[in-house]
Structures are given as structure tokens and as C-alpha cells.
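The numbering used here runs 258 ahead of the 1-based position in the sequence shown.
Notes to accompany the following structure.
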Amino acid sequence: MNERRRHGPIEEEEAADEPVNLGHGDLPDDPGDPAAGDDPLIAALRWEAAIARPRPGRRRSAGRPLPIEEEEAADEPVNLGHGDLPDDLLGRGPRQLARRLARGGAAQRAERLDELARCLEYERNVAEEEEHHRRRRELPSDLDPHDLEQTGWGVVYPEGQRGRIERLLGDLIFERERQAGRALFKMIPVPPGITPRDFWRRHDVSPGVIDPAKLPYYLVIAGDPRQIPFELQYQLAINRAVGRLHFDDPAGYRRYAEHVLAAESRTVQRPRRAVLFSVDNGDDVSRLLADYLAAPLAERLPSFLDRHLADWRFELWRGEESDKDDLIRLLGGDATPALVLASCHGLRLTVGNPYQRAYQGALACRRADDQPPGAHLFHAGDLDGADVRGLIAFLFNCFGAGTPRFDNFPHESDGGTLAEARPPAELAAAPFVARLPQALLAGGALAVVGHVDRGWTLSFSWTLGERPSEAVRSLEDSLKLLLAGHRLGHALRPLHRRYAALAAHLAAPLERLERGEDVDGVELGVRWTAHNDARNFIVLGDPAVYLRGRPDRTAAVPLSGDRRVRLADDVLHFAVEAAGRRRLSVADWVNRTLRAQMSTAGLRDGGRRE
């Protein structure tokens with residue numbers, strides 16, 4: 259019997275239909291006005307309850323599932339084979355859906371087309387290498403990813419702020435320049451309003467080729483996402499090791515730089531323990547997290563460590579070991595390991611909430627019925643006095659790394675219909691880096707890996723042709739590389755390859771539409787969601803850091819296969835053939851394919867009907 263599964267964002271937000279409890283019984287039915295003496299977190303939750311109201315146009319139709327959120331649950335979830343999608347995707351033609359997915363102004367659409375083209379170019383280059391029986395690597399085979407003198411290291415910063423960034427990061431920049439050498443150390447200014455496409459052109463860089471003399475392999479983006487957008491980070495990470503540093507308090511930059519150098523000098527070393535903190539509060543999404551993320555990792559990583567890294571220990575904290583007090587012990591307390599993976603819901607607050615930047619993405623731990631409001635939420639304020647020096651943390655929750663200004667999953671039901679082509683919902687007044695990872699990094703953590711926007715269970719429980727337990731393989735391989743002594747950014751290559759491969763999956767049905775074939779609109783929507791979901795995992799911190807500061811050794815790692823996301827049989831073949839037969843580049847092919855859909859739907863630039 260096929261298991262009935264529902265896919266949805268891993269978030270914890272306000273109630274949609276009645277102002278009740280964030281779905282957890284956290285808030286009183288009559289929240290009243292936030293009192294001046296309220297704890298700020300309680301005030302944030304009261305604010306949410308006070309504004310909660312039915313969403314206009316939100317429909318619940320029998321047999322049409324809604325995304326699984328903490329805010330609500332559909333009466334009868336339906337298994338679609340690919341996971342459940344919002345009701346406004348169902349019953350719509352694929353051409354309408356293609357238009358909805360590509361909606362927005364001409365400039366925004368061009369960036370999306372360019373992003374798909376770069377992912378396809380990357381996949382094509384990988385496929386060509388495999389055809390010649392060469393080892394698949396993003397770096398040229400003669401470059402050592404451990405040696406910054408070969409790979410390079412650079413800082414991408416807002417134009418006009420070089421002096422400020424050099425003062426704030428001080429000795430870390432000096433040390434990386436010493437390690438990389440003057441030839442491959444770069445300070446890279448970014449002018450206001452630059453697009454990813456303009457950045458690539460400015461540096462004459464192709465996503466399929468890495469030339470450290472033009473653009474280093476290891477890059478730190480030093481700046482607010484308002485200055486240097488998340489979208490540039492996503493595209494740079496297609497085949498480079500990229501991290502971001504931003505602190506609302508500039509002193510955080512200095513503290514972070516000092517802690518990284520201390521870790522690399524072995525001043526502080528964490529015990530060789532990797533801990534997976536898995537919360538299951540009984541809802542469908544947390545069960546999916548437990549079954550398809552935590553369970554496969556807990557089954558496979560210990561045996562890998564026993565065989566190859568016997569001095570490391572893996573621990574699974576779940577059930578009664580997954581409440582807030584337990585997480586306090588793991589994040590800066592007496593049980594702090596070298597590596598923590600937290601798998602749970604994340605708090606979502608509405609745009610306009612005055613406490614949004616402080617608490618968005620707070621980790622929702624196991625809750626008890628008798629807990630006061632918000633008592634199960636772990637946020638930046640809980641790190642006061644914590645010692646997280648030398649830690650690397652993976653946060654698998656909504657908004658764990660940051661929040662974009664606009665929803666990156668605009669095809670979810672927002673009260674409109676596909677025909678209306680409404681703009682994406684506004685999630686925040688401006689994009690921002692979450693406060694919890696800022697506090698971790700300023701407190702001595704070496705890096706945080708987390709998700710921008712909502713996290714969907716498609717990240718780990720679904721891909722075409724895969725068993726659910728196999729979809730987590732890319733994460734598993736990244737963890738193996740990290741534990742075996744690779745720099746963090748390079749260890750995450752399998753995770754970022756998943757994003758590139760899912761982009762090719764998305765292009766496949768669009769190409770079939772161009773040929774006049776029938777395409778399942780639901781399948782197209784799932785592919786778009788999976789693509790954006792995989793893309794939005796980012797590194798906060800220096801991607802050149804190692805677990806425990808620097809490795810004692812680099813162990814050979816037998817990977818389970820980072821190509822678990824299999825391309826549709828004809829995708830790359832068609833792309834290469836089209837490029838040769840019609841003299842089209844892959845970028846031209848993607849542009850032509852999507853523009854054909856816009857034309858068929860009767861649209862002009864900007865999503866307006868002719």
C-alpha cells in the first residue's frame with residue numbers, strides 16, 4: 259500500500275481562519291493588547307493573534323489539498339503521487355501554470371531564465387565529463403579544494419564599503435590573503451542594483467568553468483541582502499563555495515573573525531560528536547521530518563562513522579530529548595558538540611510585526627500542554643551566555659537562515675487564481691538574515707547552514723523516480739565530506755548539485771510543452787517548488803572553515819552518489835542537440851522554451867494579457 263504523504267512548508271505561523279494559538283494552543287483566545295511589560299516574544303505572538311483573520315479567497319475543496327503548515331490542515335489530504343499542492347494549482351492548464359510560475363516583470367523573468375540556463379549549462383558540462391570517463395568535480399582536477407593558494411578566496415562587498423569591511427573582518431581577511439596569495443585573493447565590489455546576470459558578465463565567468471584567477475572558488479558575501487541579494491548568492495553557489503556574513507550589530511563581524519582564527523589555531527576544539535536534534539510534535543510535517551530526514555541519517559551515518567571515522571560519534575536526540583532545555587544544552591551548554599543538525603518547525607511572523615526580525619525562524623522544540631506561550635521556541639535571546647565556539651549548525655526549519663522580501667513560492671494559494679497572475683506575497687518589508695544564526699556566529703559558531711523563506715518537505719522526501727529515503731542522499735554525502743575533513747563550502751557540493759539537477763528537471767516539462775506535448779500541470783508545479791526549495795539552502799559564515807577548526811586528516815569518503823536526482827532521459831540530449839542543430843546556446847534554448855509558453859498563454863512582458 260502506498261503511504262499517503264503530504265508536502266508543505268516547515269513553518270509555524272499564525273492561524274489563518276481564527277486567531278488561535280499558532281496551532282499549538284500557545285495564545286489566549288482573547289490576546290488583548292500587548293502590554294508594555296510583556297516579554298518581546300509574547301508581544302510578537304500576541305500581535306499575530308490580534309491581526310489573524312480569514313484569508314480572502316482561501317478555498318477548501320474536497321479532494322484539493324493545501325500545503326501543510328502549522329497554521330491549518332486540510333480536511334482530507336489527497337496523495338497525488340508527487341506530494342500535495344495548493345488548490346489553486348489543480349485543475350489548471352499547464353500553460354497557465356507556466357505563466358504563473360514565470361510571472362513578474364521582464365527583468366525578473368529574465369533572471370529566472372538565466373538561472374535555469376546556468377544550471378543546465380553546469381549539468382551539461384558534468385554530463386560531458388562523465389561521457390569521457392573523467393572523475394566528476396566542479397574544480398579542475400589539478401586543483402586541491404583544501405589549498406586556498408590554488409582555489410582562491412574572496413570577499414564580495416557593497417561598492418564603496420571596502421574600508422569598512424576590511425576594518426570589521428580585520429585579521430580574518432589578512433589571514434585568508436596570506437593563505438590564498440595575492441594573485442588569488444580578491445576584494446570584489448558590487449554596485450547597487452546589480453543583477454546576477456550583470457555580475458557574471460562583469461567578471462566574464464561561466465557557471466560551467468571555474469577560473470580562480472577571475473573569480474575565486476571560496477567567496478564570502480559581506481553585506482545585508484538588501485545590498486547584495488540572496489539571488490546572487492544562489493547563483494554563485496551553483497558551482498562555487500559561497501557564504502554570507504551580515505550582522506545587525508557591526509561588532510558581530512569582529513567577534514566572528516576572532517573566533518574563526520581562534521578555532522583554526524586550535525584554541526578551542528569541540529568533541530568529535532555530531533548530534534541530530536529531531537522534533538516530532540505529532541503534525542504531518544514534523545513526522546515527515548522525522549521519517550524521511552532524521553531516520554535515514556540516523557540509520558546510515560553511524561555505520562559510516564564506524565567504518566571510516568571511528569573517533570566520531572553520532573547521536574539522535576528526539577522524543578523526550580527534544581525540548582527547549584535539551585536544545586539549550588546542545589547550543590552552547592554542557593553538551594555542545596562539533597556539529598548540530600536541528601530538524602523542526604520555524605516561527606513565521608507576518609510582515610509588519612514589529613518583532614519579526616528578532617524572532618522569525620525561531621526553532622520550535624517539543625512542546626508540553628502545560629507550557630506558557632512561546633516557551634518551546636528557541637531564539638537568539640536564548641544564546642545569552644552560551645558558548646558555541648567552534649560549532650557548525652545545520653538548521654532545517656522555515657526562515658532558519660533568512661527571509662526574502664517576497665515569497666519565493668508564489669504559486670501557493672494566495673487568495674487569487676492563476677488567471678489573475680497576482681504578484682508574490684510580501685513576507686517582509688525588506689529581506690533580512692535571521693537573528694538566531696547572527697547570534698550563533700557572533701558567539702563563536704564557525705558557520706550556520708539554513709534555509710531562506712519557507713522550507714518544504716520536498717527538500718528531502720521527494721524527487722522523480724526516487725524512494726523518499728533516497729532523496730536525503732545529497733545531504734548525507736555533504737555531511738560525510740564535512741565530517742571527513744573537507745572545508746564546509748566544498749563539502750556542500752552534493753547539496754548544491756541537487757539544486758542544479760532539479761533546475762534541469764524543471765526545464766524538461768517546459769521543453770515538452772514547446773514540442774506540443776501534454777504536460778501535467780501539477781507535476782510542473784511540484785518541480786518548480788522543489789527547485790526553489792533546494793536553491794534556498796545557504797551558508798552563513800566563511801565557506802572555507804573546517805569542522806573543529808582544521809582537520810587532523812582528510813579521510814577518503816565513499817559517497818552514496820550525489821547524482822541521486824536523475825535528469826529526465828531526454829533533457830540534456832535535447833539541449834545539446836538543439837544547440838548543435840539550431841545553433842542555440844543552452845541559455846537561448848531555455849529562453850526560447852519559456853518565452854514560447856508566455857506567447858501561447860497570450861502574455862506580454864510583465865505578466866499582462868494581450
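Beta carbons: idealized from backbone N, C-alpha and C, even for Gly.
Predicted model only: the values in this text are computed from it and were never measured.
Run of the alpha helix (DSSP H) containing residue i, from where it starts to where it stops
| i | result |
| --- | --- |
| residue 561 | 553–566 |
| residue 515 | 509–522 |
| residue 603 | Note, residue 603: premise wrong, no alpha helix (DSSP H); beta strand (DSSP E) at 603–605. |
| residue 543 | 542–546 |
| residue 697 | 693–700 |
| residue 438 | 420–438 |
Cα-Cα separation between residue i and residue j, rounded to whole angstroms
| i | j | result |
| --- | --- | --- |
| residue 634 | residue 642 | 17 Å |
| residue 509 | residue 427 | 10 Å |
| residue 543 | residue 644 | 30 Å |
| residue 435 | residue 302 | 43 Å |
| residue 464 | residue 594 | 41 Å |
| residue 696 | residue 605 | 16 Å |
| residue 651 | residue 740 | 12 Å |
| residue 554 | residue 804 | 24 Å |
| residue 472 | residue 460 | 10 Å |
| residue 443 | residue 421 | 16 Å |
| residue 749 | residue 519 | 20 Å |
| residue 562 | residue 547 | 21 Å |
| residue 321 | residue 564 | Residue placement at residue 321 cannot be trusted, given a pLDDT of 32 that sits under 50; what the coordinates show is reported in the next sentence. Spanning the two alpha carbons is a distance of roughly 47 Å. |
| residue 354 | residue 629 | Residue placement at residue 354 is poorly supported in this model, since its pLDDT is 49, which falls under 50; the coordinates still yield a value, given next. About 47 Å. |
| residue 761 | residue 549 | 26 Å |
| residue 765 | residue 785 | 9 Å |
| residue 742 | residue 494 | 25 Å |
| residue 759 | residue 617 | 33 Å |
| residue 795 | residue 627 | 33 Å |
Near the ligand NAP: residue i beta-carbon under 7 Å from a heavy atom
| i | result |
| --- | --- |
| residue 497 | This structure lacks the ligand NAP, and indeed carries no ligand of any kind. |
Backbone secondary structure at residue i - three-state DSSP
| i | result |
| --- | --- |
| residue 933 | Past the edges of the chain, shown from 259 to 868, lies residue 933, and the structure says nothing about it. |
| residue 732 | helix |
| residue 628 | coil |
| residue 744 | coil |
| residue 488 | helix |
| residue 582 | helix |
| residue 443 | strand |
| residue 662 | coil |
| residue 617 | helix |
| residue 415 | strand |
| residue 461 | helix |
| residue 784 | helix |
| residue 299 | helix |
| residue 306 | helix |
| residue 622 | strand |
| residue 633 | coil |
| residue 758 | helix |
| residue 792 | helix |
Sequence-distant residues of its chain with Cβ nearer than 7 Å to residue i (five each side left out)
| i | result |
| --- | --- |
| residue 569 | 530 |
| residue 413 | 423, 431, 445, 446, 478, 480 |
| residue 799 | 501, 503, 699, 704, 705, 706 |
| residue 486 | 414, 416, 448, 479 |
| residue 514 | 503, 699, 700 |
| residue 636 | 582, 585, 620, 621, 623 |
| residue 580 | 535, 536, 537, 623, 624 |
Below-8 Å beta-carbon distance, residue i vs any chain C residue
| i | result |
| --- | --- |
| residue 455 | In the structure shown, chain C cannot be found, because there is only a single protein chain. |
Opposing strand residues paired with residue i [DSSP bridges]
| i | result |
| --- | --- |
| residue 576 | 536 |
| residue 476 | 411, 499 |
| residue 684 | 664 |
| residue 804 | 807 |
| residue 653 | 600 |
Proximal residues to residue i (C-beta, below 6 Å), its chain only, five neighbours per side dropped
| i | result |
| --- | --- |
| residue 574 | 534, 556 |
| residue 408 | 401, 402 |
| residue 653 | 600, 708 |
| residue 808 | 522 |
| residue 702 | 517, 646, 647 |
| residue 752 | 732, 735, 736, 820 |
| residue 437 | 406 |
| residue 612 | none |
Cβ shell of residue i (< 8 Å), same chain only, five flanking positions each side left out
| i | result |
| --- | --- |
| residue 552 | 534, 536, 574, 576, 601 |
| residue 806 | 521, 527, 528, 530, 596, 648 |
| residue 664 | 681, 682, 683, 684, 685 |
Residue i: first and last residue of the uninterrupted beta strand (DSSP E) it sits in
| i | result |
| --- | --- |
| residue 495 | It is not in any beta strand (DSSP E) - residue 495 carries neither H nor E in the DSSP assignment. |
| residue 705 | 705–709 |
| residue 468 | Neither: residue 468 is in no beta strand (DSSP E) and is coded neither H nor E. |
| residue 799 | 795–799 |
| residue 641 | Element bounds for residue 641: n/a, residue is neither H nor E. |
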